[in-house]
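Take 276 as the starting number for the sequence shown in the working numbering and just add one per residue.
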Amino acid sequence: MIDEKLQPILEQVLQRNPGEPEFHQAVREVLESLGRVIAKNPAYLEQALIERICEPERQIIFRVPWIDDKGHVQINRGFRVQFNSALGPYKGGLRFHPTVNVGIIKFLGFEQTFKNALTGMPIGGGKGGSDFNPRDRSDAEVMRFCQSLMTELHRHIGEETDVPAGDIGVGGREIGYLFGQYKRLTNRYEAGVLTGKALFYGGSRARTEATGYGNTYFIQAMLATRGQSFDGKKVVVSGSGNVAIYSVEKVQAFGGKVVAVSDSSGYVVDQSGINLELLKEVKEFRRGRIAEYLDLKGAGSGAHFVKAGVGSIWDVPCDVGMPSATQNELTGKDAKTLVTNGVIAVGEGANMPSTPEAIRILQEAGVLFAPGKAANAGGVATSALEMQQNASRDSWSFDKTEARLAEIMRTIHDTCASTADEYGAPGDYVLGANIAGFVRVAEAMRALGVI
Ligand code: NDP
Numbered sequence: 276m277i278d279e280k281l282q283p284i285l286e287q288v289l290q291r292n293p294g295e296p297e298f299h300q301a302v303r304e305v306l307e308s309l310g311r312v313i314a315k316n317p318a319y320l321e322q323a324l325i326e327r328i329c330e331p332e333r334q335i336i337f338r339v340p341w342i343d344d345k346g347h348v349q350i351n352r353g354f355r356v357q358f359n360s361a362l363g364p365y366k367g368g369l370r371f372h373p374t375v376n377v378g379i380i381k382f383l384g385f386e387q388t389f390k391n392a393l394t395g396m397p398i399g400g401g402k403g404g405s406d407f408n409p410r411d412r413s414d415a416e417v418m419r420f421c422q423s424l425m426t427e428l429h430r431h432i433g434e435e436t437d438v439p440a441g442d443i444g445v446g447g448r449e450i451g452y453l454f455g456q457y458k459r460l461t462n463r464y465e466a467g468v469l470t471g472k473a474l475f476y477g478g479s480r481a482r483t484e485a486t487g488y489g490n491t492y493f494i495q496a497m498l499a500t501r502g503q504s505f506d507g508k509k510v511v512v513s514g515s516g517n518v519a520i521y522s523v524e525k526v527q528a529f530g531g532k533v534v535a536v537s538d539s540s541g542y543v544v545d546q547s548g549i550n551l552e553l554l555k556e557v558k559e560f561r562r563g564r565i566a567e568y569l570d571l572k573g574a575g576s577g578a579h580f581v582k583a584g585v586g587s588i589w590d591v592p593c594d595v596g597m598p599s600a601t602q603n604e605l606t607g608k609d610a611k612t613l614v615t616n617g618v619i620a621v622g623e624g625a626n627m628p629s630t631p632e633a634i635r636i637l638q639e640a641g642v643l644f645a646p647g648k649a650a651n652a653g654g655v656a657t658s659a660l661e662m663q664q665n666a667s668r669d670s671w672s673f674d675k676t677e678a679r680l681a682e683i684m685r686t687i688h689d690t691c692a693s694t695a696d697e698y699g700a701p702g703d704y705v706l707g708a709n710i711a712g713f714v715r716v717a718e719a720m721r722a723l724g725v726i
């Protein structure tokens, strides 16, 4: 339910941003949490502050022409939405996926603003990407595409302005090509302009692992509030990209057993526990499809593959669910199945992977539920640590960086929990995350005046 004072703001957002359902969904979820805030502090309704938070500071859309290996000219569309810079330079990843459009990038940038605020670090919110599909493209094609995208994007970014990173379809390879072209165009070795770089040219240890590890730390903190831990728990992780792989790694380190992972072609169930080395071999080295895991595991291993559309990965019984693929992948029906199968906790590794109906069902059933803007904030937090290391020309050990990540995730957990308590909704991490993130951004915006 949305407070009646906030309803006109939502209606204005819907009217000004037609055909952008993901953006509408993200705004609605935050506004639903803010009724209790404006009741306590009506000053947030002044100076169109909430309306301004819902409107990106700047949106850039551009043509990205490039030449494929056959010599044909291809055209994609590039996006950068610079959502909010009240707390620091815009910060947020680039997504390369055929489904990318301005509404998706706006939802991601909006979420990112509150997520970055929750980290307590001096970073604003932004997001970008392209409808380019890197799948089945050669390295040379990916390089030419990245160079063309950066030829336009470089005008809009900078280490004090806007600092992109990776997201779906953008990993270490793409960040390398993007950074190379930025360096060439600007004639500056401005390491802090992009994060997610490889270690040997300014990257941070533990950045690759950070989002998956961070979500695992967050869930561990939630489980601890009920005297539980990952030890001996069955876990399902959707996706098999960056976030998913390092969630599997950390869950295993904490004594849990991951029994299923997926990609867009389907999911693999391995009740003996997903073999991390084989998963990395398929996804990180071969850039293959998840079904190839079975070929490596060998006949008679007991593992099996279910094609996309035939079933849902959330049909696999588990104690903990970690949706780590994409938005709206966990539906109301999936949530009902999870509850029937006795799930205890769900932590969102991906951005907005659960539908509003799914969240309601999980929360009503008393399942510990961590929203993405809190649970997956470890990635951007470690990106901010990468910026710190770049600024001080320093390079920290893995242990030091991971210890900072763990501390940040504990603090985000505690902030969400205490904010939910303060606003009369104990255990509601969605409300806690939305309010705590909002208040930090809103206070900065009030201090900066109407800009
Ligand atoms: P990757 O590209 O490394 O992996 C994405 C995974 O999700 C792949 O297994 C992919 O399968 C699957 N996937 C993507 N789109 C779909 C779809 N439409 N249907 C089914 N499966 C899909 O991305 P990341 O791991 O980096 O990102 C995953 C999620 O985590 C995203 O929501 C992202 O925004 C979020 N996130 C990422 C952060 C990071 O640091 N990387 C930080 C915070 C959030 P396939 O290969 O078949 O497409």
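We put the CB at the ideal spot given by N, CA and C, even for glycine.
Treat the numbers as computed from the prediction; the structure is a model and nothing was measured.
| Check | Outcome |
| --- | --- |
| Cβ distance (whole Å) where R338 is taken to contact R352 below 8 Å | 7 Å |
| I565 versus G367 - alpha carbon distance | 27 Å |
| Whole-number beta carbon distance between D442 and I401, since they are thought to touch under 8 Å | According to the sequence as given, residue 401 is Gly; it is not Ile. In fact, because the Cβ distance is near 12 Å, the residues do not count as touching under 8 Å. |
| Whether G624 touches S522 by CB criterion (8 Å) | yes |
| With 16 other Cβ atoms within 10 Å as the buried cut-off, status of N462 | exposed |
| Per DSSP, cross-strand counterpart(s) of N665 | N665 pairs with nothing; no bridge assigned. |
| Identity of the residues DSSP links to S576 by a beta bridge | Per DSSP, none; premise fails for S576. |
| Cβ pair I277, L306 closer than 8 Å | yes |
| Length of the line joining the Cα atoms of G654 and E661 | 10 Å |
| Unbroken alpha helix (DSSP H) run spanning I494, endpoints | R482 to A499 |
| G446 CB to nearest heavy atom of the ligand NDP below 7 Å | yes |
| With 16 other Cβ atoms within 10 Å as the buried cut-off, status of F673 | exposed |
| Beta-carbon proximity of L571 to F580, cut-off 8 Å | no |
| Run of the beta strand (DSSP E) containing R412, from where it starts to where it stops | Per DSSP, R412 belongs to no beta strand (DSSP E) and is neither H nor E. |
| Segment limits, beta strand (DSSP E) that includes M597 | V595 to M597 |
| Close-in-space but distant-in-sequence residues of the same chain around Q495 (CB under 7 Å, 5 per side omitted) | S504, F505 and F529 |
| Heavy atom of the ligand NDP within 7 Å of N550 beta-carbon | no |
| Those residues which DSSP pairs with N351 across a bridge | V339 |
| Option in N603, Q664 and A652 with minimal Cα separation from E465 | Q664 |
| Element boundaries [beta strand (DSSP E), containing A535] | K532 to D538 |
| Beta-carbon proximity check, A649 vs A719, cutoff 8 Å | no |
| Exposure label - D696; buried when at least 16 CB within 10 Å | exposed |
| heavy atom of the ligand NDP below 7 Å from D538 C-beta | yes |
| Neighbourhood of M418 by C-beta distance below 7 Å, restricted to the same chain and skipping five residues each side | Y452 |
| CA nearest to the CA of R370, picked from M684, L637, W341 and P409 | P409 |
| Inter-stretch contact (C-beta, 8 Å, three-pair minimum) for the region 306-317 and the region 375-388 | no |
| T612 beta carbon near the ligand NDP (any heavy atom closer than 7 Å) | no |
| C-beta contact flag for V536 and Y542 at 8 Å | yes |
| Given T500 as reference, the closest of V557, K675, G702 and V725 once Cα atoms are compared | G702 |
| I450: CB within 7 Å of a non-hydrogen atom of the ligand NDP | no |
| Local conformation of Q503 per DSSP, three classes | coil |
| contact_flag[the region 593-600, the region 468-484] where n(CB pairs < 8 Å) is 3 or more | no |
| beta-carbon N517 near the ligand NDP non-hydrogen atom, thresh 7 Å | yes |
| Opposing strand residues paired with V518 [DSSP bridges] | In DSSP, V518 forms no bridge with anything. |
| Proximity of E332 and N376 at Cβ, strictly below 8 Å | no |
| Nearest neighbour of K381, chosen from H299, N616 and V705 [CA to CA] | H299 |
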